[in-house]
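Chemist:
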């Protein structure tokens with residue numbers, strides 16, 4: 001019995017037609033035109049594959065996930081509370097060292113540049129306000145603007161450090177390692193499953209956002225700042241609507257993935273990841289203790 005051919009299947013090309021171009025392959029001119037059209041365009045969100053990975057980068061320190069969670073919690077409490085500039089710089093340096101063991105240097109320099117820009121801008125605004133305080137007839141509106149700059153710079157620099165430590169946690173910890181660590185902590189499934197799914201949802205959503213940007217560039221409507229300011233409604237239509245539509249698909253995929261991985265299994269679960277404390281974990285814990293102690297010394 002002769003098998004039926006699939007309607008999408010193309011018949012084999014004859015031997016003398018080897019030089020016939022593939023109809024699926026776009027012409028070279030189209031590819032070059034697309035490349036030239038995309039050149040020089042600045043995206044609203046420069047998302048790179050290194051930012052979207054969840055636990056696929058190499059952690060040279062091989063820290064226990066529980067140590068990473070402790071570091072993330074401690075750094076956030078320190079930088080978002082009453083913190084001095086010296087303590088903030090210490091937390092920034094500690095976070096930068098952890099990121100240097102996992103993330104690319106180019107990304108670390110971008111993150112550090114944002115912190116230096118915000119904190120340096122706040123310092124310059126404070127210096128300008130102090131210098132102008134002794135001048136008679138100082139403009140009140142100018143002082144108010146400087147106060148806003150100081151407030152924004154100080155607080156945004158704190159969030160940069162807090163985001164950096166969570167960036168390290170996500171980039172260096174796989175979902176299996178995190179699940180194993182939370183299970184070792186004897187936490188209930190009602191806590192383990194939502195945390196694991198939540199941390200896996202963010203990279204998936206960012207990957208879909210990057211795919212949307214690629215599609216927009218392919219159609220000649222790349223999301224540049226000029227287009228956003230000129231046509232904000234189009235930006236909502238082209239970016240937010242597809243992103244919201246893909247959110248439900250991401251949720252379904254993560255739910256199915258969790259069931260396949262046995263997140264709903266009752267009883268004791270096994271894990272292939274080696275979870276345990278070592279010398280590097282002890283050093284990190286001692287540094288965290290020193291940061292917390294410096295927060296209360298002399299106060």
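Residue numbers (the UniProt record's numbering): 1 to 299. Every residue gets a Cβ at the ideal spot worked out from N, C-alpha and C, and that includes glycine.
So, does the region 232-250 touch the region 211-221, judging by three or more C-beta pairs under 8 Å?
Modeler: At 8 Å Cβ cutoff, the stretches touch.
Chemist: Go through its chain and collect everything with a Cβ distance to residue 157's Cβ below 6 Å, but skip five positions before and after it.
Modeler: 115, 118, 119
Chemist: Figure out for me which residue from 112, 143, 113 has the closest Cα to the Cα of residue 127.
Modeler: Comparing Cα-Cα distances from residue 127 to each of 112, 143, 113, the minimum goes to 143.
Chemist: Going by other Cβ atoms of all chains shown within 10 Å of its Cβ, with 16 needed for buried, is residue 84 buried or exposed?
Modeler: exposed
Chemist: With a 10 Å radius around its C-beta and 16 neighbouring C-beta atoms as the bar for buried, classify residue 196 as buried or exposed.
Modeler: buried
Chemist: Using only CA atoms, which one of 175, 275, 207 lies nearest to residue 194?
Modeler: 175
Chemist: Give me, in chain order, the residues of the same chain whose beta-carbon lies closer than 8 Å to that of residue 254; leave out the 5 immediate sequence neighbours on both sides.
Modeler: The residues are 197, 200, 201, 204.
Chemist: Could you give the uninterrupted runs of the beta strand (DSSP E) lying entirely in the region 115-183, keeping only those of 3 residues or more?
Modeler: none
Chemist: Can you find at least 3 beta carbon pairs, one from the region 81-101 and one from the region 212-232, that sit closer than 8 Å?
Modeler: Pairwise C-beta distances place the region 81-101 out of contact with the region 212-232, as fewer than three of them are shorter than 8 Å.
Chemist: Measure from the alpha carbon of residue 207 to the alpha carbon of each residue in 247, 180, 227, then state which is nearest.
Modeler: 247
Chemist: Measuring only the C-alpha atoms, how far is residue 232 from residue 220?
Modeler: 16 Å
Chemist: Whose C-alpha, out of 72, 277, 109, 266, is nearest the C-alpha of residue 159?
Modeler: Residue 72 is the option with its Cα nearest to residue 159.
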